[in-house]
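Here's the structure, in structure tokens; my notes come after.
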Amino acid sequence: MDLTFKIVRRLLRDDDVAFSRNRNFEAYQDPRVKRALRLYRHLRSLERDLLRLGQPGQVRLEAVERQGEQVVVRLEFLEQRGKRVSYLSAEEWGLLLESERVCAILSDLLEKAPAAVRRALGREHQGRPDTAEVDDATR
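Residues 953 to 1091 in our numbering are what the sequence shown lists, from first letter to last.
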């Protein structure tokens, strides 16, 4: 895993990290750090939306599917009548699934999904995905 994804993982999972723009001005000039911050904001936003799936009447998961090397997550916001489509690489999908709550929500939805959806993700059997299954599903 390269530096960009290590930074994103730390920002997503370590609550003690305070990456102030003022204190780390020089680091913000590095293109890898800029990319990591963009990915972090995108994944954090998607994670929050997925966690809202647990609240009735908020968000509905339309689909999680593979398109080549990408994982596509489609959400529908019921109150605002909007939709969100996120395209994630295998590494980004893996970082997203490191959240226990997100993984549990997606596993529950996957158990209820039709067999065609599970086949498209490489998940024919049911149960909670572990790291190896996530890697297989996103390849």
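Built from N, CA and C at the ideal position, the CB exists for glycine as well.
Annotation for GLU1050: no beta strand (DSSP E) segment contains it, and DSSP assigns it neither H nor E.
Here the alpha carbon of LEU998 sits roughly 23 Å from the alpha carbon of PRO983. Rounded to whole angstroms, the separation of the alpha carbons of GLY1046 and ALA1015 is 17 Å.
LEU963 sits in a helix when the DSSP states are folded into three classes. For LEU1005 against LEU1013, the beta-carbon gap comes to about 6 Å, under 8 Å, which counts as contact. Secondary structure of LEU1030 (DSSP, three-state): coil.
Rounded to whole angstroms, the gap between the alpha carbons of SER1038 and LEU1027 is 9 Å. With respect to the C-alpha of ARG1033, the residue from GLN1010, ARG1018, ARG990 and PHE957 having the closest C-alpha is GLN1010.
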